[in-house]
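The numbering of the sequence shown is my numbering, which starts it at 16 and goes up by one.
The C-beta atom is built at its ideal place from N, Cα and C for all residues, glycine as well.
Right, one structure below, let's go through it.
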Amino acid sequence: EALCDAKYGHENWTSVTFTSILSDPTGLGAAVISGFRTREQSKPFGMLACAMGNFHCDVMYCRDTFCKKREYVEKYGHFLKEYGYSSS
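This is how it looks when you write it as structure tokens:
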């Protein structure tokens, strides 16, 4: 919970619902069709993962799978530097 509170704010992630995500077709469409292009598109899904209690599992799964695949590193790796998670 502390990680989710720090990342999204307690009130934000504890009040998000799947219905609220469905009401924003741009975020849902991006996820289904071509992947997220901005942090704002992925934010509701991160908050939903927090609300369901699986945010940490999603992060670890990504680190062990997608984060090691060249195609995803090339497509999304720039976000690491842009958001201060990496200096390279």
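Measure the alpha-carbon distance for residue i versus residue j and round it to whole angstroms.
i, j, result
"E89", "M67", "29 Å"
"I36", "G99", "26 Å"
"S38", "L63", "14 Å"
"T80", "E86", "12 Å"
"F51", "F94", "11 Å"
"C82", "E55", "20 Å"
Applying the 10 Å Cβ sphere with the 16-neighbour rule, what's the burial state of residue i?
i, result
"C19", "buried"
"Y23", "buried"
"M75", "exposed"
"F70", "buried"
Please report the Cβ distance between residue i and residue j, rounded to the nearest whole angstrom; I am assuming they are in contact, meaning their Cβ atoms lie under 8 Å.
i, j, result
"C65", "W28", "4 Å"
"A46", "F60", "7 Å"
Say whether chain B places a C-beta atom closer than 9 Å to the C-beta of residue i.
i, result
"R52", "As a matter of chain content, chain B is missing from the structure shown, which is built from one protein chain."
4 or more residues per run - each alpha helix (DSSP H) lying fully within the segment 59-97: 70-79, 85-91 and 93-97
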